[in-house]
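Engineer: Residue numbers (the numbering used here), protein chains in the order written: chain A, 1 to 194; chain B, 1 to 270; chain C, 1 to 238.
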Amino acid sequence: MGSGVLKRGELVVPGDKVAVIEEFEPKYGFYEDLGVVRASIVGYPIFDMDKRIVYIEKTLSKNSIPRPGDDVYCIAYEVSDKIAFAHIIKVIGRPKVFQPPFTGVIHISRLKKAKVNSIREIVKLGDHLYASIISRRNNVYHLTISGPEFGVILARCPYCGLLLEKKDQNLVCSKCNIVEQRKISKYYGNFKIV
Amino acid sequence: MSSRLVIPELTKRRIRELASQRRRIDKRGLAEFRTVFIERGIIPQADGSALVHIGNTKAIAGIKIDLGQPYPDMPNAGVLAVNVELMPLASPTFEPGPPDERAVEVARIVDRAIREGRMIDLEELVITPGREVYVIFVDTYLVDHDGNMIDACVLASVAALLDATMRKAIVSEGRARLIDERSPLPIRHYPLTATICRIGETLIVDPILEEEETAEARITIGFDEEDRICMIQHSIGMLRYSELYQAINISREAVSRLRKELCKVFPNAG
Amino acid sequence: MSEFTRRDGRKPDELRPIKMKVGVLDKADGSAYVEQGGTKVLVAVYGPREVHPRHLGLPESAIVRCRYHMAPFSTKERKSPTPTRREIELSKVIKEALASTIMLDLYPRTTIDIFVEVLQADGGTRCAGITAASLALAHAGIPMIDLVSACAVGKWNGRIIVDLTGEEDEECEADMPVALMPSLERVTLIQLNGRLTPDEFLEAFNLAVKACKYIGELQKATLRSYYEKIKEEVLYEQ
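This is the structure we're talking about:
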């Protein structure tokens, strides 16, 4: 966050007073009450002596919710021409698995480069996706799968249910010999959730 | 089941603004109850009954008294069963069906005010210890909800109990039988409550519905006729210590004014 | 003044021994266990997570749901597992006591679910439940303006006493559970069952404040020792 002189403080718990508002402005993990800056989560405060702000950079809890900017692992559960809905299972790089999953939407207007008439041409029901959260407008997670790393990372054959294999820019079923079209992530097949 | 009434944000803002000037949207004083109306004996079929209005909020309470068994752990006490129903006809947000947490909370508050306020001497209701006692059913219906249902339900229940008479029990061959000779209930104390809301830093008594939905905190405090505190329920929000003390003082005065209204109908009630 | 003794030999202002632990459950987002004398309470927090059914969600803030429940084996006689009116009411007041500290506007359209399970009941279960739930919320990393510490006070044999046992609770003239924010000094729950004069009320409330502050210090110490041991700082968040 800051690049000035940073000072790390002792562990704080919610309610702990760390400063008065004239000294430091509260950022993530802190708030002001009657001129006093107090902690709202457990963590080690970082005081930015130049910007006069105090914040917690790393939380001590594994708990989290998806936020804009996060890359997420999700599964499409409803696909129509203009919009697809996906269950957000996990944020890449964080341990928490969302149970129940959060709901995300992919709108066709976010797929300009793919030049498709319907989302159905590139994402199908049950596909596992690697996507990025672009916003939380109207309290809905808006996802995009534009970019080489994003897109389908796992899909099944519509007939036999076997995992499809990537061949060139298509997906094929080795048993049924059919070819499926998708917007494929470059991680297809060897994607590891971290 | 959605049970929130949507109050226009503009109304809420107006209420907050007025509260900061220590005024109210219906021009009442901060510690003033709305017009209180009490009518006793409206249901002759019941052993006791009362209709209560606090402004537009209306509640009806009916008492039925029967014979029954005491609780095994209290063989020397009569049984008091208090029930409150938030009737679907009282508000667009009430639905038929089992009581939700709001209804349960109000019922428990009314129960505690009467029971812990020692309104009725339950030991006087024993006919044969451990075997047969009077069972008093207090059923209170909220029929029109315009805020402050707790005080309305407590007032209606208390008034109905004051109105109630019980039939004399005669024991023959070890079994009790009720005859048509009536006497009042063994009333010992007269609990009443006042509900206070905090809007911003202002405390108000007897909130109307819009004030209740705007309020950041709500507390109900009950007093008996000797000004002892006999019930507290802090339902929502937070209060500073000083606000709590203030709430106790304000509610004590509000209850004593409410008691004057009750005394107009029941001269002994304080 | 002398020779006033309680059934278990405590002084009027003496609390029972208290044990607190956080992070006692694996699957929950936050968890805590509190023992206060014979009362044992286990709390799990799940969330913020998506609300189901979805129409229950609020566009401007998270909702809090709470279930206070007593295990059938928690009491002398078996208690039916079906929620009683008392449990429904306590679920509501515990929820309200905690909700006013949580920064709900940070998580619109989500729910925070709190499960308070009383494993053994010996007086003060709702207070131990609130104390534990507040620890579990802090363990779940949910931003809140303060912890909540709770303790019951009451009047027994004419004296104001703190932290009533189940037996004292049955015999007492008045019982008053209090929950408050130890740092911000604000009350989030107060209930009174029984009768107190205004002066007795003040004495009882001041005793409750003292007890809650002490419990608040224990809560903070519990969180500190837990996290100082863990040392892993897992997530980057903004």
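Yeah, the Cβ is synthetic: ideal placement off N, Cα and C, and Gly gets one too.
Quick one: what's N193(C) bridged to in DSSP?
Structural biologist: M231(B), D175(C)
Engineer: Does DSSP put G55(B) in a helix, a strand or coil?
Structural biologist: coil
Engineer: Residues in its own chain within less than 7 Å of D26(B) by CB, not counting five upstream and five downstream?
Structural biologist: I208
Engineer: Is S235(B) near R218(B), with beta carbons less than 7 Å apart?
Structural biologist: yes
Engineer: When you compare each of I248(B), E212(B), A113(B), D100(B) to C153(B) by their alpha carbons, which one comes out closest?
Structural biologist: A113(B)
Engineer: Just the C-alpha distance for G2(A) and Y55(A), rounded to the nearest angstrom, thanks.
Structural biologist: Reliability fails at G2(A), whose pLDDT of 46 lies under 50, so the model's placement of it is uncertain and the value that follows must be treated cautiously. Approximately 10 Å, taken between the alpha carbons.
Engineer: Applying a beta-carbon distance threshold of less than 7 Å, which residues of chain B neighbour I142(C)?
Structural biologist: Simply none; closest approach about 17 Å.
Engineer: Name the chain B residues whose beta carbon is nearer than 8 Å to that of F201(C)?
Structural biologist: Result: I229, I248.
Engineer: I'd like the span of the beta strand (DSSP E) that includes P100(A), first residue to last.
Structural biologist: Under the DSSP assignment, P100(A) falls in the beta strand (DSSP E) whose first and last residues are 97-107.
Engineer: Jot down the residue ranges of each uninterrupted alpha helix (DSSP H) in the region 64-114 of chain C, minimum 4 residues, whole runs only, in chain order.
Structural biologist: 85-99
Engineer: Of all the options R110(A), T144(A), D168(A), L154(A), which has the alpha carbon lying nearest to the alpha carbon of P68(A)?
Structural biologist: T144(A)
Engineer: Taking the continuous beta strand (DSSP E) assigned at R7(C), which residues delimit it?
Structural biologist: That residue, R7(C), is in no beta strand (DSSP E); it is neither H nor E in DSSP.
Engineer: Between A107(B), V135(B), I250(B), which lies nearest to G78(B) when the distance is taken from Cα to Cα?
Structural biologist: Nearest of A107(B), V135(B), I250(B) to G78(B), Cα basis: V135(B).
Engineer: Pull up the DSSP beta-bridge partners for K19(C), would you.
Structural biologist: Residue pairing by DSSP places K19(C) opposite E35(C) in a beta bridge.
Engineer: The beta strand (DSSP E) that contains T275(B), what's its start and end?
Structural biologist: The displayed coordinates of chain B run from 1 to 270. Any statement about residue 275(B) would go beyond what the structure contains.
Engineer: Please state the DSSP three-state secondary structure of V237(B).
Structural biologist: In the sequence on display, residue 237(B) carries Gly and not Val. Annotated three-state conformation of G237(B) is coil, per DSSP.
Engineer: I65(B) CB to nearest chain C CB: under 7 Å?
Structural biologist: no
Engineer: Which residues of chain C have a Cβ atom closer than 9 Å to the Cβ of S61(A), listed in chain order?
Structural biologist: D29, G30, A138, H139, A140, G141, I142, V234, L235
Engineer: With 16 as the cutoff for other CB atoms within 10 Å, does M1(B) come out buried or exposed?
Structural biologist: With a pLDDT of 37 at M1(B), under the threshold of 50, the modelled position of this residue cannot be trusted, and the question is left open.
Engineer: For E123(B), name the three-state secondary structure that DSSP assigns.
Structural biologist: helix
Engineer: Name the two residues that bound the continuous beta strand (DSSP E) containing T195(B).
Structural biologist: Segment 192-199, the beta strand (DSSP E) holding T195(B).
Engineer: How about S61(A) and G37(C): do their beta carbons lie closer than 7 Å?
Structural biologist: no
Engineer: When the Cα of R28(B) is compared with those of D224(B), E253(B), R259(B), V205(B), which residue comes out closest?
Structural biologist: V205(B)
Engineer: Please report how far the alpha carbon of L180(C) lies from the alpha carbon of L137(C), in whole angstroms.
Structural biologist: 15 Å
Engineer: Could you run through the region 102-123 of chain C and flag, in chain order, every residue whose CB is less than 8 Å away from some CB of chain A?
Structural biologist: M103, Y107, P108, R109, T110
Engineer: Quick one: what does DSSP say L60(A) is sitting in, helix, strand or coil?
Structural biologist: coil
Engineer: Per DSSP, what kind of secondary structure is R118(B) in: helix, strand or coil?
Structural biologist: coil
Engineer: I'd like to confirm the pairing. Which residues does DSSP put opposite C151(C) in its beta bridges?
Structural biologist: V178(C)
Engineer: Can you pull the chain A residues whose beta carbon is under 8 Å from the beta carbon of S74(C), in chain order?
Structural biologist: Those within 8 Å of S74(C) in chain A number zero; the least Cβ separation is about 28 Å.
Engineer: If the cut is a Cβ gap below 8 Å, which residues of chain C does D16(A) touch?
Structural biologist: S183, K220
Engineer: List the residues of chain D whose Cβ lies closer than 7 Å to the Cβ of Y227(C), in chain order.
Structural biologist: The chain labelled as chain D is not found among the protein chains of the depicted structure, namely A, B and C.
Engineer: Determine the direct distance from the alpha carbon of L163(A) to that of V178(C), and round the result to whole angstroms.
Structural biologist: 59 Å
Engineer: How would you call S174(A), buried or exposed, if buried means at least 16 neighbouring beta carbons within 10 angstroms?
Structural biologist: exposed
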